[in-house]
Structures are given as C-alpha cells and as structure tokens.
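Participant: Next up is a structure, given as structure tokens.
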Amino acid sequence: MRPVECATCGNQVLCEKFSRAHTSVQWTAEAAVVCAEFRDRVSEGATTARIRTCRALRSSIERAVDDGTLEAADA
Amino acid sequence: MTALNDEVRVIEAGNAPARFARGWHCLGLADSFKDGKPHEIEAFGTKLVVFQGEDDGQLHILNAYCPHMGGNLAHGTVKGDAVACPFHDWRWSGDGRCAGIPYARRVPPRARTRAWTTLERNRQLFVWHDPEGNPPPAEVTIPEIEGVHGPDAGEWSAWTWKTARVDGSNCREIVDNVVDMAHFFYVHYAFPTYFKNVFDGHVATQYMESAPRGDMDLGNLSSPLRSDASYYGPSYMIDYVWTEVAPGVEMEMVLINSHYPISADSFMLQYGAIVKKLPGMTDEAAAEAARSLIGGLETGFEQDIEIWRNKTRIDNPLLTEEDGPVYQLRRWYEQFYVDVTDVKDEMTRRFEFEIDTRRANEAWHAEVEENLARRAAAPETGA
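Read top to bottom, the protein sequences are chains A and B.
So for the first sequence, the numbering used here puts the first residue at 1; every next one is plus one.
So for the second sequence, the numbering used here puts the first residue at 1001; every next one is plus one.
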C-alpha cells in the first residue's frame, strides 16, 4: 500500500489499486478526528462508520493515479 | 512424496475461538416472548430463560439452571415478576435475586443467579454478552430503525421472521459473507454490480447494487436493488434495501440478518423483513410483500447453510483481486473476541475496499446467457 495525502485536509492514508475501479484505503488515524469532511458530518450527528466515502480524499486518490504517484494496473 | 506437497496450498483450518463474542445479540421478535411462559434459549455454551414479568411487563433473561439443585427454569412458570423453578418452586426475579422459597423459613443470603442485560429495540429482544462481565457501553447500542417506533410506525409492515439452527459451523462463516462479493452470484443468484465494504469502529458495512440473474427465479427479489447493510457489533446486521417494484415506484425494505452462537460449532441464524407501505397499500398487502421478500431470501440462506454444513473452516483463504477483503474483515471481527484492553487500533481503524466488479460481471453474464440459450434449445420438459 502507498501513502496518499488528502489535498484538502492533509489526512494521510494508505492506498492500493488493483485497477482504476478497485480501491483499498487503510486509514492510519481516527477518521472522525483527522478528516475535515468527516469532522463536519460528525458534528452534524453522523457516525463515520456510516459514511461511504470522503469525496475530497477520493479526488486526491484519483489525482495520485493520474499523476502516477499511485499505480493502478490498468491506468 | 513431499515434493508435491511443497507446492500445493495447504488449508489451515485453525480452531474456533474458545470464547463467544462480546456484544448485543438478537434473540428474536420481542412479542414472541410475551405469552406469559418462560422460554429456553440455548446460547453462549449454556442455557438461558427469557420471561416477561406479569406486573412490570418487562422481558427478563436469567441463567436457565436454578442455582438450588439445577432445575431448568425455562420449564417452570411465571409467577408475578419472577420465574418459578419446576423442581422446588424457587422464585427468581428479573434482577437475579431469589424472590422467595415457599417451603423454606429463610432465603439463603447469597441466593442470586445471573441476570443478563436486555434491550428491546426494533420490536426485537437483545441480550448483552461479555466474557469480562462489563455492562454494555452506550456507543455500541443497537440503532433504532428510523420510523419503526415513533409516530410513523404505521408506515411499516409487521415483521416476517425466520429462524434456522446451523450445526457444524462456527458463526464466523456467516460474518464472512459481508465481504464475499462472488458468492452473491452463485449462492444468492444476483449480479453484484457495485460492491464496497467499510469497516470502522464496531461497524462493518457492505454497500451493494445488484441485478437478479435472468436464469433464476427469486420471486419478489427479481428486480435490481440497492442495499446498504451494516453489522452493528458481531452479530446484528440492519440491511436497508430499495428496489423498483413498478416503473418509477421504489419500495423500501429493511432486512435483519442476525445470529447468536449456541456453541463453538453451532449458531442460530435469524432473519426478518419489513417493508414500507406504498401509498394506498393495506397492512395485509404490506405484510404479504414482506413475506414474499423473505421467500426469496430464504432460498439464499438455505443455500448458504448447505455450503457451511459441508465446508471446512479456513484461516488462510486463497483470494483473487475480485474477492472481498476477508483478512481485514476478520481483523475487524477479532475485536469482539479479545478483552477490551486488548482491542488494537488496527481492528477498529477505518478501512475501505471497493471491488472492481467488471471482469466478474462479464463472465457471469456470459454464463447466464449460455444457460438461457441452452434452456431455450432444450425440448419442453413439461415442468
């Protein structure tokens, strides 16, 4: 797994992509604390476990694939 | 002889855990225990008695065996807010205290049995199990299904509920299903077109979109659906399902998939369904929709059970890129089998896994097309 940093809040996760469509993300710290998007949602009463994805982090992962820092087999 | 063995994959079956999971476990629909009789539940390697107090109206759970001479309270009778042993009529209150021994001058000072912590939610009864004996933390409580209790409760059908005892398998088998994308095609007859898991804290979620297999008939489940299913703790899954029942008409359903362990190699599977009434739908029509939905689920669960009954436990599954994150799921599941102080960050830290389902669906569509073509070419069987 390769480290990917979220361009929005700096949260760093470990990421692996078997293909463009596949994504595996291992968070390395408490999601409700380190992620700006999740923090906002949690303050509105959500629990991170029930949030499907962080959009900002997802964009950062996409960008990492685009710029070649994260390898996806079919990219 | 050994040369060949060096190259083949050897299954590590491992051993089922020596303890049972910490967490809330659903025992069934609450109403089913409210008939004035004590009920026996075989769970966590022992027997429990569930009864409703005549005066307090509450459901209580105690160890089934009477500490006096071992009589089985579940075969006794409810007297007031206590359950009376059929052997010598010792009375036990819901809090575990001996409430009276009619023939004795005094109740022994330490006459106390184990009372289990209960919770009634979503019209179901839950019991808290913790090998360390701690009370349930508020943050792991069972969430309420939205609208099922409040003023909108009438919008939902009654529960249709099913129970199946599974012998010869540890309950880890059913939990594995949460990540098992491919088995939804082979065992539950659906094409999973979208499949993502999120493990975070004590919750494990499966987001799935699926389409029915054209070569199989599952009644009410025969339309595309979106499913959003979470295990809250080790054994209770709430699955919100949306499916189009007519053009532009989406039906919302909630499925429960739960179990409690009986022993290290047997468990009780329970599943149920409610549907949200569509405009103009009668109670009876909604209940019928829930029953028909369960019919489709039943086929899938029966086939799951057939697989479990005949498979081996496997600690080192051999996976492809199209398989879900079995190892990470088991790492999450482990948190319920260790003492609270031994729960590691890696067991509870958020992990996400989204499968690329394209390759699998191409292969499966080809297979279904082939099945349909073969069927069309075959002479009429009259079946």
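Beta carbons are placed, not taken as given, at the ideal position from N, Cα and C, and that holds for glycine.
Any C-beta of chain D sitting closer than 9 Å to the C-beta of Q12 (chain A)?
Facilitator: Given the protein chain composition of this structure (A and B), no chain D is represented.
Participant: Quick check on A1383 (chain B): does DSSP put it in helix, strand or coil?
Facilitator: By one-based count along the second sequence, residue 1383 (chain B) stands at place 383. Caution applies to A1383 (chain B), whose pLDDT of 48 falls short of 50 and renders its modelled position unreliable; the value that the coordinates give is listed next. Coil at A1383 (chain B), not helix or strand.
Participant: Please report the distance separating the alpha-carbon of D1323 (chain B) from that of R1213 (chain B).
Facilitator: Position 323 of the second sequence holds residue 1323 (chain B). Position 213 of the second sequence holds residue 1213 (chain B). Rounded to the nearest angstrom, the two C-alpha atoms are 19 Å apart.
Participant: Quick check: the Cα distance between Q1303 (chain B) and T1243 (chain B), rounded to an integer number of angstroms?
Facilitator: Walking along the second sequence from the start, residue 1303 (chain B) turns up at place 303. Walking along the second sequence from the start, residue 1243 (chain B) turns up at place 243. Taking the straight line joining both Cα atoms gives about 23 Å.
Participant: Rounded to whole angstroms, what is the Cα-Cα separation between H1025 (chain B) and Q1270 (chain B)?
Facilitator: Reading the second sequence from its first residue, position 25 is the one you call residue 1025 (chain B). Reading the second sequence from its first residue, position 270 is the one you call residue 1270 (chain B). The straight-line gap from Cα to Cα measures roughly 11 Å.
Participant: Going by the beta-carbon positions, is the gap between V1368 (chain B) and D1180 (chain B) smaller than 9 Å?
Facilitator: Mapped onto the second sequence, residue 1368 (chain B) falls at position 368. Mapped onto the second sequence, residue 1180 (chain B) falls at position 180. Cβ distance not < 9 Å, so V1368 (chain B) and D1180 (chain B) don't count as in contact.
Participant: Based on the DSSP output, what are the partners of A1190 (chain B) in its beta bridges?
Facilitator: Counted from its first residue, the second sequence places residue 1190 (chain B) at position 190. Answer is B:P1212, bridged to A1190 (chain B).
Participant: Select from B:D1339, B:V1166 and B:P1067 the residue whose C-alpha is nearest the C-alpha of P1108 (chain B).
Facilitator: Here residue 1108 (chain B) corresponds to residue number 108 of the second sequence, with the count starting at 1. Nearest of B:D1339, B:V1166 and B:P1067 to P1108 (chain B), Cα basis: B:P1067.
Participant: I'd like to confirm the pairing. Which residues does DSSP put opposite L1225 (chain B) in its beta bridges?
Facilitator: The residue given as residue 1225 (chain B) occupies position 225 in the second sequence. Per DSSP, B:S1210 and B:T1243.
Participant: Would C15 (chain A) pass as a contact of V25 (chain A) if the rule is Cβ separation under 9 Å?
Facilitator: Walking along the first sequence from the start, residue 15 (chain A) turns up at place 15. Walking along the first sequence from the start, residue 25 (chain A) turns up at place 25. In this structure, C15 (chain A) lies near V25 (chain A), with their beta-carbon atoms less than 9 Å apart.
Participant: Would the region 1363–1377 of chain B count as touching the region 1223–1230 of chain B if we require 3 or more Cβ pairs under 8 Å?
Facilitator: no
Participant: Of the residues B:Q1206, B:R1291 and B:F1185, which one's Cα is nearest the Cα of A1366 (chain B)?
Facilitator: Sequence index remark: in the second sequence, residue 1366 (chain B) carries index 366 (1-based). When each option's Cα is compared against that of A1366 (chain B), the closest is B:F1185.
Participant: Check each residue of the region 1343–1365 of chain B: if its Cβ is closer than 7 Å to any Cβ of chain A, include it; give the result in chain order.
Facilitator: Flagged, chain order: R1349, R1350, F1351, E1352, F1353, E1354, I1355, D1356 and R1358.
Participant: Under the DSSP definition of a beta bridge, which residues are partnered with W1024 (chain B)?
Facilitator: Along the second sequence, read from residue 1 onward, the residue named residue 1024 (chain B) stands at position 24. Looking at the DSSP assignment, W1024 (chain B) forms a beta bridge with B:W1128.
Participant: Would you give the residue range spanned by the alpha helix (DSSP H) that R1165 (chain B) belongs to?
Facilitator: Reading the second sequence from its first residue, position 165 is the one you call residue 1165 (chain B). Run containing R1165 (chain B): none in the alpha helix (DSSP H); it sits in the beta strand (DSSP E), T1160 to D1167.
Participant: In the DSSP assignment, find the unbroken beta strand (DSSP E) run with F1336 (chain B) in it and report its ends.
Facilitator: As a position in the second sequence, residue 1336 (chain B) is number 336, starting the count at 1. It is not in any beta strand (DSSP E) - F1336 (chain B) carries neither H nor E in the DSSP assignment.
Participant: For L70 (chain A), count neighbouring C-beta atoms within 10 Å of its own C-beta (all shown protein chains included) and say buried if the count is 16 or more, exposed if not.
Facilitator: Here residue 70 (chain A) refers to the residue found at position 70 when the first sequence is read from its first residue. Buried, since its Cβ has 16 or more Cβ neighbours within 10 Å.
Participant: Decide if the region 1284–1291 of chain B is in contact with the region 50–58 of chain A; the criterion is three or more beta carbon pairs, one per stretch, under 8 Å apart.
Facilitator: no
Participant: I'd like to know whether the C-beta atoms of I964 (chain B) and W1159 (chain B) end up nearer to each other than 9 Å.
Facilitator: Examination of residue 964 (chain B) is not possible in this model, given that chain B is present from 1001 through 1383 alone.
Participant: Looking only at C-alpha atoms, which of B:H1088, B:L1062, B:P1102 and B:F1044 sits nearest to D1113 (chain B)?
Facilitator: Taking the second sequence and counting its residues from 1, the one referred to as residue 1113 (chain B) is at position 113. What sits at residue 1113 (chain B) in the sequence shown is Thr, not Asp. It is B:L1062 whose Cα lies nearest to the Cα of T1113 (chain B).
Participant: Can you give me the start and stop residues for the beta strand (DSSP E) that L70 (chain A) sits inside?
Facilitator: Counted from its first residue, the first sequence places residue 70 (chain A) at position 70. For L70 (chain A), no beta strand (DSSP E) encloses it, and the DSSP letter there is neither H nor E.
Participant: Count the other CB atoms, across all protein chains shown, that sit within 10 Å of the CB of S1311 (chain B); report buried if there are 16 or more and exposed otherwise.
Facilitator: As a position in the second sequence, residue 1311 (chain B) is number 311, starting the count at 1. Per the sequence shown, residue 1311 (chain B) should be read as Lys rather than Ser. That one is exposed.
Participant: Could you tell me whether the region 1132–1146 of chain B touches the region 1041–1052 of chain B, where touching means 3 or more Cβ pairs closer than 8 Å?
Facilitator: no
Participant: List the endpoints of the continuous alpha helix (DSSP H) containing A1084 (chain B).
Facilitator: Working through the second sequence from its first residue, we reach residue 1084 (chain B) at position 84. From DSSP, A1084 (chain B) is part of no alpha helix (DSSP H) but of the beta strand (DSSP E) over A1082 to A1084.
Participant: Hey, does A1383 (chain B) have any beta-carbon neighbour from chain A nearer than 9 Å?
Facilitator: Along the second sequence, read from residue 1 onward, the residue named residue 1383 (chain B) stands at position 383. Low confidence applies to A1383 (chain B): its pLDDT is 48, below 50, so where it sits in the model is not reliable, and the reading given next is rough at best. With 9 Å as the cut-off, A1383 (chain B) does not count as an interface residue toward chain A.
Participant: Please compile the residues from chain A whose C-beta is within a distance smaller than 7 Å of the C-beta of E1398 (chain B).
Facilitator: Since the first residue shown for chain B is 1001 and the last is 1383, residue 1398 (chain B) is missing from the structure and cannot be characterised.
Participant: Just tell me which of B:S1292, B:G1070, B:V1050 and B:Y1103 has its CA closest to the CA of V1083 (chain B).
Facilitator: Within the second sequence, residue 1083 (chain B) is the residue found at index 83, counting from 1. Minimum Cα distance to V1083 (chain B) is reached at B:V1050.
Participant: Any beta carbon of chain A sitting closer than 9 Å to that of G1201 (chain B)?
Facilitator: Here the question's residue 1201 (chain B) lines up with position 201 in the second sequence. Yes, because at least one Cβ of chain A sits closer than 9 Å to the Cβ of G1201 (chain B).
Participant: Which of the residues in the region 1146–1166 of chain B, read from start to end, lie with their CB under 8 Å from any CB of chain A?
Facilitator: none
Participant: Under 9 Å between C-beta atoms, does P1325 (chain B) make it to chain A?
Facilitator: One-based indexing of the second sequence puts residue 1325 (chain B) at position 325. Cβ-Cβ to chain A under 9 Å: yes for P1325 (chain B).
Participant: In terms of residue numbering, what span does the beta strand (DSSP E) encompassing G1071 (chain B) cover?
Facilitator: Start at 1 with the first residue of the second sequence, and residue 1071 (chain B) comes out as number 71. It is not in any beta strand (DSSP E) - G1071 (chain B) carries neither H nor E in the DSSP assignment.
Participant: Between which two residues does the alpha helix (DSSP H) harbouring R1172 (chain B) extend?
Facilitator: Residue numbering aside, residue 1172 (chain B) sits at position 172 when the second sequence is read from its first letter. R1172 to D1176 is the extent of the alpha helix (DSSP H) around R1172 (chain B).
Participant: Name the two residues that bound the continuous alpha helix (DSSP H) containing Q1303 (chain B).
Facilitator: By 1-based counting over the second sequence, the position of residue 1303 (chain B) is 303. D1283 to N1310 is the extent of the alpha helix (DSSP H) around Q1303 (chain B).
Participant: Note down the Cα distance separating A1360 (chain B) from I1294 (chain B), rounded to an integer number of angstroms.
Facilitator: Start at 1 with the first residue of the second sequence, and residue 1360 (chain B) comes out as number 360. Start at 1 with the first residue of the second sequence, and residue 1294 (chain B) comes out as number 294. Taking the straight line from one Cα to the other gives about 27 Å.
Participant: Under 9 Å, Cβ to Cβ, is there at least one residue of chain A near V962 (chain B)?
Facilitator: Within the shown structure, residues of chain B are numbered from 1001 to 1383, placing residue 962 (chain B) beyond reach of any answer.
Participant: Does A49 (chain A) get closer than 9 Å to chain B when you measure Cβ to Cβ?
Facilitator: Translated into the one-based positions of the first sequence, residue 49 (chain A) becomes position 49. A49 (chain A) counts as touching chain B.
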